[in-house]
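Taken in sequence, the protein lines are chains A and B. Here the working numbering is used: the first residue of the first sequence is 1, the next is one more, and so on. Here the working numbering is used: the first residue of the second sequence is 1, the next is one more, and so on. Working notes for the structure below.
There are 2 protein chains.
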Amino acid sequence: MALRQRHPALDLRIWTRQPSSLGKVQNLLPGALATCSEEEAVRDADGIVLCTPVGSMPALAEKIRPHLREGSVVTDAGSVKGFVVDTVGRTLGSRFVGAHPMAGSEQTGIEAARADLFEGAPCILTPEDSTDPAALSATRSLWEQIGCQTIEMSAGEHDKSIARVSHLPHSVAAILVNAIDKHAPGSVKLAGGGYRDTTRVAAGAAAMWREILMENRTEVLAALAELRETCEEMESYLKKEDHAALEGFLAKAQEIRSAVR
Amino acid sequence: MALRQRHPALDLRIWTRQPSSLGKVQNLLPGALATCSEEEAVRDADGIVLCTPVGSMPALAEKIRPHLREGSVVTDAGSVKGFVVDTVGRTLGSRFVGAHPMAGSEQTGIEAARADLFEGAPCILTPEDSTDPAALSATRSLWEQIGCQTIEMSAGEHDKSIARVSHLPHSVAAILVNAIDKHAPGSVKLAGGGYRDTTRVAAGAAAMWREILMENRTEVLAALAELRETCEEMESYLKKEDHAALEGFLAKAQEIRSAVR
């Protein structure tokens with residue numbers, strides 16, 4: 001939809017696994033080709049964006065490879081990158097550039113599509129040493145044309161950073177909701193802004209998050225262990241009744257958080 | 001300010017520790033008496049509300065006790081209740097009714113005062129068996145007149161519930177900010193809505209929260225241990241790659257959180 005707005009004559013093709021979705025795609029993007037055939041979707045295409053769940057991408061890459069034309073570029077929209085670069089990148093070679101557009105909401109499905117979804121959103125690109133510079137340049141241009149601000153880093157650095165800044169907050173929100181439900185379920189009726197803000201993302205789709213967290217589990221496990229360790233640090237100040245250390249701990253968080261928009 | 005709106009002729013007196021604040025109080029509430037004398041503030045008063053930090057309340061209760069008239073009622077606005085009821089309640093006896101109006105923001109100081117702050121806010125009252133029924137009824141009426149919805153529970157139940165639904169989210173937000181800052185400081189530049197929502201309350205005043213958490217430390221420590229235990233539960237699903245259990249864990253949190261306004 002975002003590409004169509006900018007390029008009304010562009011030959012757009014949407015692949016979908018379910019035949020029942022073809023009509024919805026056609027309604028959303030009149031003039032685009034909707035198809036369940038991988039071959040039909042990618043044949044002669046200049047650029048291809050894999051937007052399936054991350055776990056489905058390796059098999060999909062194998063399926064489309066025989067039909068890619070010389071010089072075509074492939075990117076993706078998966079929220080973990082080490083796994084994607086290791087599998088899809090190995091299959092498709094130097095034409096593949098991993099990407100993670102950091103846009104979206106807790107909504108899923110084609111009904112949630114919006115032409116302005118990517119406007120101003122960061123998009124992390126994860127090129128390798130072996131990536132074709134022309135493919136990188138074309139991929140950067142594609143994401144920037146639909147409104148993203150691109151940033152480049154390694155797939156490993158991406159997964160480490162995103163585990164901390166995205167997967168960890170989501171995990172913590174779910175842990176907080178479940179811990180309170182287990183030990184003081186009645187207290188939720190007293191919930192104020194603190195509970196509501198801190199747990200908001202726990203309302204996100206469980207199936208999608210299960211997949212994201214599982215794919216990035218090595219880094220998510222490291223992040224959760226770091227969280228428990230920092231929790232124990234705070235507990236030690238409370239146990240020792242060390243007022244100065246506790247206030248220092250809270251003041252540090254206050255300073256860091258206040259600097260974020 | 002809220003009382004003045006409803007009772008323009010009410011004899012209002014504001015006690016403040018710092019002489020430098022007297023002018024600000026007078027500007028905010030023209031016609032009220034601003035004073036640094038405990039005796040002047042409480043003499044002949046029908047109702048008294050202690051609004052100092054919780055740690056200062058026991059000494060303040062000792063100071064005002066000799067000057068209270070027969071039948072006067074005392075309540076407070078502290079965010080922990082076991083400590084207040086045990087100390088202030090022992091000093092002032094059956095005329096004291098602990099209260100926790102759950103209103104406010106991360107702002108502090110008289111400059112943040114607003115007449116509509118308590119509109120629709122829950123206010124927990126913590127009467128004891130020994131509380132004078134007339135004092136309870138007058139206290140309930142006071143908080144309801146300025147817009148609160150009163151709820152009654154024991155001081156112990158209050159501290160347990162509030163540790164989970166208010167002190168724990170605040171602690172978790174600070175822990176999350178500090179854990180990420182320690183282990184992946186650069187990742188905050190990638191922060192999206194998940195990080196921002198989940199850590200928002202960590203921007204609150206460190207000194208105020210240090211005091212709140214320290215006063216309620218027994219229950220806060222129990223809540224933090226429960227959080228770590230639930231964190232380990234989630235980690236076990238990731239370690240075992242138990243997709244169904246992880247999705248069940250996330251789906252439970254999704255269901256509970258979605259039911260909160």
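All residues carry an ideal CB built from backbone N, CA and C; glycine is no exception. Treat the numbers as computed from the prediction; the structure is a model and nothing was measured.
Q: Anything in chain B within Cβ reach of Thr198 (chain A), meaning under 7 angstroms, just list it in chain order.
A: Start at 1 with the first residue of the first sequence, and residue 198 (chain A) comes out as number 198. Chain B residues near Thr198 (chain A): Pro169, Val172, Ala173, Thr198 and Val201.
Q. Does any C-beta atom of chain B lie closer than 8 angstroms to the C-beta of Asn178 (chain A)?
A. Taking the first sequence and counting its residues from 1, one reaches residue 178 (chain A) at position 178. Chain B, which has a Cβ nearer than 8 angstroms to the Cβ of Asn178 (chain A), makes this yes.
(Q) Tell me which residue opens and which closes the beta strand (DSSP E) that Ala34 (chain A) is part of. (A) Working through the first sequence from its first residue, we reach residue 34 (chain A) at position 34. Element bounds for Ala34 (chain A): Leu33 to Thr35.
(Q) What does the Cβ neighbour count give for Gly89 (chain A), buried or exposed, with the cut at 16 atoms within 10 Å? (A) As a position in the first sequence, residue 89 (chain A) is number 89, starting the count at 1. Buried, since its Cβ has 16 or more Cβ neighbours within 10 Å.
Q | From B:Pro8, B:Glu219, B:Ala207 and B:Asp242, residue whose alpha carbon lies closest to that of Thr108 (chain B) | A | Walking along the second sequence from the start, residue 108 (chain B) turns up at place 108. Here the closest residue by C-alpha is B:Ala207.
(Q) Would Gly186 (chain A) pass as an interface residue toward chain B - the criterion being a Cβ-Cβ separation below 8 angstroms? (A) Taking the first sequence and counting its residues from 1, one reaches residue 186 (chain A) at position 186. Chain B contact via Cβ: present.
**Q.** According to DSSP, residues forming a beta bridge with Thr150 (chain B)
**A.** Residue numbering aside, residue 150 (chain B) sits at position 150 when the second sequence is read from its first letter. According to DSSP, Thr150 (chain B) bridges with B:Cys123.
Q | Ser20 (chain B) versus Glu111 (chain B) - alpha carbon distance | A | Within the second sequence, the letter at position 20 stands for residue 20 (chain B). Within the second sequence, the letter at position 111 stands for residue 111 (chain B). About 13 angstroms.
Q | Contacting positions in the segment 222–239 of chain B - beta carbon closer than 7 angstroms to chain A | A | Leu224, Glu226, Leu227, Arg228, Thr230, Cys231, Met234, Glu235, Leu238 and Lys239
Q. Would you call Asn311 (chain A) buried or exposed, if buried means 16 or more other Cβ atoms sit within 10 Å of its Cβ?
A. Nothing about residue 311 (chain A) can be read from this structure; chain A reaches only from 1 to 261.
Q) In chain order, what residues of the same chain have a beta carbon less than 8 angstroms from the beta carbon of Ala163 (chain B), not counting five sequence neighbours either side? A) Reading the second sequence from its first residue, position 163 is the one you call residue 163 (chain B). Cβ within range, chain order: Asn216, Glu219, Val220, Ala222 and Ala223.
Q.
Once the 5 residues before and after Arg13 (chain A) are set aside, which same chain residues still bring their CB inside 6 angstroms of it?
A. To locate residue 13 (chain A), count along the first sequence from 1; it is residue 13. Within the same chain, Arg13 (chain A) has close Cβ partners Leu33 and Ala41.
Q | Proximity test, Cβ basis, 8 angstroms: His67 (chain B) and chain A | A | Mapped onto the second sequence, residue 67 (chain B) falls at position 67. His67 (chain B) does not count as touching chain A.
Q.
For chain A, check one thing: does any of its Cβ atoms lie closer than 8 angstroms to the Cβ of Glu241 (chain B)?
A. The residue labelled residue 241 (chain B) in the question sits at position 241 within the second sequence. It does; some Cβ of chain A falls within 8 angstroms.
Q: Would you verify that the beta carbon of Phe271 (chain A) is, or is not, closer than 8 angstroms to some beta carbon of chain B?
A: Limits of chain A in this structure are 1 at one end and 261 at the other, which puts residue 271 (chain A) out of reach.
Q.
Ignoring anything shorter than 4 residues, give me the alpha helix (DSSP H) runs that lie fully in the segment 43–73 of chain B, in order along the chain.
A. 57–64
Q: Measuring alpha carbon to alpha carbon, tell me which of B:Asp44, B:Tyr237, B:Glu232 and B:His170 ends up nearest Gly192 (chain A).
A: The residue labelled residue 192 (chain A) in the question sits at position 192 within the first sequence. Comparing Cα-Cα distances from Gly192 (chain A) to each of B:Asp44, B:Tyr237, B:Glu232 and B:His170, the minimum goes to B:His170.
(Q) Against chain B, does Ala253 (chain A) count as a neighbour if the rule is that its beta carbon must be under 8 angstroms from one of theirs? (A) If you number the first sequence from 1, residue 253 (chain A) lands on position 253. Ala253 (chain A) counts as touching chain B.
Q) From which residue to which residue does the alpha helix (DSSP H) around His243 (chain B) run? A) Here residue 243 (chain B) refers to the residue found at position 243 when the second sequence is read from its first residue. Note, His243 (chain B): alpha helix (DSSP H), His243 to Ser258.
**Q.** Assigned exposure category for Asp262 (chain B) - 16 Cβ within 10 Å defines buried
**A.** In the structure as shown, chain B begins at 1 and stops at 261. Residue 262 (chain B) is therefore absent and cannot be evaluated.
Q | Euclidean distance between Cα positions of Thr150 (chain B) and Leu246 (chain A) | A | Here residue 150 (chain B) refers to the residue found at position 150 when the second sequence is read from its first residue. Here residue 246 (chain A) refers to the residue found at position 246 when the first sequence is read from its first residue. Near 32 angstroms, if we compare the C-alpha coordinates of Leu246 (chain A) and Thr150 (chain B).
Q) If contact means a Cβ-Cβ distance below 8 angstroms, which residues of the segment 122–143 of chain B contact chain A? A) Pro122 and Ile124
Q. If you draw a straight line from the C-alpha of Leu3 (chain A) to the C-alpha of Ala203 (chain B), how long is it?
A. As a first step, residue 3 (chain A) is located in the first sequence; it is residue number 3 there, counting from the start. As a first step, residue 203 (chain B) is located in the second sequence; it is residue number 203 there, counting from the start. The alpha-carbon atoms of Leu3 (chain A) and Ala203 (chain B) are separated by roughly 39 angstroms.
**Q.** Residue range of the beta strand (DSSP E) that includes His263 (chain A)
**A.** Because chain A is modelled from 1 through 261, residue 263 (chain A) falls outside the range shown and cannot be assessed.
Q: For the beta strand (DSSP E) holding Arg13 (chain B), just list the boundary residues, first then last.
A: Here residue 13 (chain B) is taken as the residue at index 13 of the second sequence, counted from 1. Run containing Arg13 (chain B): Arg13 to Trp15, per the beta strand (DSSP E) assignment.
Q) Taking Cβ positions only, does Phe249 (chain B) come closer than 8 angstroms to chain A? A) Sequence index remark: in the second sequence, residue 249 (chain B) carries index 249 (1-based). True, the Cβ-Cβ gap to chain A drops below 8 angstroms.
Q) CA-CA distance, Leu238 (chain A) and Thr87 (chain B)? A) As a working note, residue 238 (chain A) is residue 238 in the first sequence. As a working note, residue 87 (chain B) is residue 87 in the second sequence. Roughly 21 angstroms separates the two Cα atoms.
Q. In terms of residues, what are the limits of the alpha helix (DSSP H) holding Ile175 (chain B)?
A. As a working mapping, residue 175 (chain B) is identified with position 175 in the second sequence. Taken as a continuous stretch (DSSP letters only), the alpha helix (DSSP H) holding Ile175 (chain B) covers Leu168 to His183.
Q: For Ser130 (chain A), I'd like the list of residues in its chain whose CB is within less than 7 angstroms of its CB, leaving aside the five on either flank, ordered along the chain.
A: Your numbering for residue 130 (chain A) matches position 130 in the first sequence. Excluding sequence neighbours, Ser130 (chain A) sits near Ser94.
Q) Is the Cβ of Val85 (chain B) closer than 8 angstroms to any Cβ of chain A? A) Start at 1 with the first residue of the second sequence, and residue 85 (chain B) comes out as number 85. It does not: the Cβ of Val85 (chain B) has no partner Cβ on chain A nearer than 8 angstroms.
Q. Per DSSP, what kind of secondary structure is Asp197 (chain A) in: helix, strand or coil?
A. Here residue 197 (chain A) corresponds to residue number 197 of the first sequence, with the count starting at 1. Reduced to three states, the DSSP call for Asp197 (chain A) is helix.
Q) With 16 as the cutoff for other CB atoms within 10 Å, does Ala134 (chain B) come out buried or exposed? A) In the second sequence, counting from the first residue as 1, residue 134 (chain B) sits at position 134. It is exposed - the Cβ of Ala134 (chain B) has fewer than 16 other Cβ atoms within 10 Å.
Q. Using 8 angstroms as the threshold, is the segment 137–154 of chain A in touch with the segment 226–244 of chain B, meaning 3 or more CB pairs across them?
A. no
Q.
On the DSSP bridge list, what partners appear for Asp132 (chain A)?
A. Stepping through the first sequence from its first residue, residue 132 (chain A) is reached at position 132. Answer by DSSP bridge pairing: none, since Asp132 (chain A) is not bridged.
Q) Name the chain A residues whose beta carbon is nearer than 8 angstroms to that of Lys182 (chain B)? A) Translated into positions along the second sequence, residue 182 (chain B) becomes position 182. Here the neighbours are Glu226 and Thr230.
Q. Using a C-beta cutoff of 8 angstroms, does Ala155 (chain B) count as contacting chain A?
A. If you number the second sequence from 1, residue 155 (chain B) lands on position 155. Cβ-Cβ to chain A under 8 angstroms: no for Ala155 (chain B).
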